[in-house]
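Everything in the sequence shown is counted per the working numbering, starting at 29 for the first residue and increasing by one. The beta carbon of each residue, even a glycine, is placed where N, CA and C say it ideally should be. These notes are about the structure you will find just below.
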Amino acid sequence: MPIYQLTDDIIFPPVEGAEDGIVAVGGDLLPERLILAYQSGIFPWYSKDEPIIWWSPNPRFVLFPDKLHVSRSMKRVLKKREFTVTFNQAFEKIIAACKKISRPGQEGTWITEEMELAYIRLHDMGIAESVEVWKGDDLVGGMYGVRTGKVFSGESMFSKESNASKVALIHFIQKFQQESGELFDCQVHSQHMEAMGAEEIDRQAFIACLKA
Numbered sequence: 029m030p031i032y033q034l035t036d037d038i039i040f041p042p043v044e045g046a047e048d049g050i051v052a053v054g055g056d057l058l059p060e061r062l063i064l065a066y067q068s069g070i071f072p073w074y075s076k077d078e079p080i081i082w083w084s085p086n087p088r089f090v091l092f093p094d095k096l097h098v099s100r101s102m103k104r105v106l107k108k109r110e111f112t113v114t115f116n117q118a119f120e121k122i123i124a125a126c127k128k129i130s131r132p133g134q135e136g137t138w139i140t141e142e143m144e145l146a147y148i149r150l151h152d153m154g155i156a157e158s159v160e161v162w163k164g165d166d167l168v169g170g171m172y173g174v175r176t177g178k179v180f181s182g183e184s185m186f187s188k189e190s191n192a193s194k195v196a197l198i199h200f201i202q203k204f205q206q207e208s209g210e211l212f213d214c215q216v217h218s219q220h221m222e223a224m225g226a227e228e229i230d231r232q233a234f235i236a237c238l239k240a
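The following block contains the structure:
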C-alpha cells in the first residue's frame, strides 16, 4: 500500500490507513500542521536527511494520571527535596538538552534543528510545554511535550542526574491531574514509562480521548 505524500495543503489522511503506524510523509512543520497533527493523534518522528514521517501507532502507549506508579525508592528521592521543579521557565534549554543527551543504542538524534525550532514556536504559542528539574542553579533533567485539550503528548525527556527525569514526570503528572488532564501520551512503548504505569490502548480509544 503506497504511503500518503503530503502537499502544501494542511491536511492528513485518516489514521486508520496508517501502514505500520506511518500515516504520511513530507509536508512541513508549520504550527498549523503540527496542531492539526496532534489533534488527529499524529506526530512527526524522523531522522536527519529523511523526509518528515508522520506517525499514529496502534496500539498507543499511554499513562492515565491516576495509574502513575511512584516506587518506594522514588518516594524517598522526592522526600529528600534535592531537586527544584519549575514549569515553562526554560523551554529552549530543555529541548536543546534533549537533543544533545547521549542515549544507549541510539546514534544521533531525531530532534533536528528544524524540529527544535518548530517546537519552540509552539511553546511561544502556549501549546508546547516544558518541565525543568534543577539542582541548585544547574539544569539536570526535564521533559517537553504538546498539550491538546486534556491530552498531553510527551515528546522527549533527559536526565543528567539519577532520577531527574522521573522527578519531572511525577511533578508534571500531579500538576496535569489537578488541571483535569486525562491522558499522558507516551506515543510508543518504553520500559522506563511502563515502570511508571504506562500501558497500551487501542488507537481508536486514544483518538476518542482526543475528540472528547
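In this structure, DSSP gives S193 a helical state, which the three-state scheme calls helix. Distance from the Cα of A240 is smallest, within the candidate group P30, G69, G49 and G45, for G69. Secondary structure at Q205: helix, using DSSP grouped into helix, strand and coil. For secondary structure counted as the alpha helix (DSSP H) over 4 or more consecutive residues, the region 85 to 165 holds these complete runs in sequence order: 100 to 108, 119 to 128 and 141 to 152. Exposed is the label assigned to T112, since fewer than 16 other Cβ atoms lie within 10 Å of its Cβ. Taking C-beta separations shorter than 6 angstroms and ignoring five residues to either side along the sequence, the partners of E183 in its chain run Y172 and G173, following chain order. The beta-bridge partner set that DSSP reports for Y172 consists of S158 and S184. For L57, the secondary structure class from DSSP, reduced to helix, strand or coil, is coil. DSSP places F71 within a strand segment (E or B) once states are collapsed to three. Under DSSP, D213 takes part in a beta bridge, and its partners are V90 and S181.
Across the structure, F200 and P72 are spaced so that their CA atoms are roughly 23 angstroms apart. The alpha carbon of E227 has as its nearest neighbour, out of L238, P30, L211 and I81, the alpha carbon of L211. Here E78 carries a coil assignment [DSSP, helix/strand/coil].
In the DSSP assignment, E222 falls within the alpha helix (DSSP H) that extends over Q219 to A223. Ranked by how close their Cα comes to the Cα of E78, the residues P87, I39 and T140 have T140 in first place. When rounded, the separation of the alpha-carbon atoms in K188 and G225 is 23 angstroms. In this structure, DSSP gives A46 a state outside helix and strand, which the three-state scheme calls coil. G177 has its alpha-carbon roughly 10 angstroms from the corresponding atom of C237.
Between the region 157 to 173 and the region 100 to 109, the count of Cβ pairs shorter than 8 angstroms is below three; the stretches do not touch. According to the DSSP assignment, I229 belongs to the beta strand (DSSP E) that extends over E227 to I229. The region 36 to 47 makes contact with the region 56 to 65; the number of CB pairs closer than 8 angstroms reaches 3 or more.
A52 carries a strand assignment under DSSP once its states are collapsed to helix, strand and coil. Distances from the CA of P93 to each of Q205, N116 and I31 were compared; the closest alpha carbon is that of Q205.
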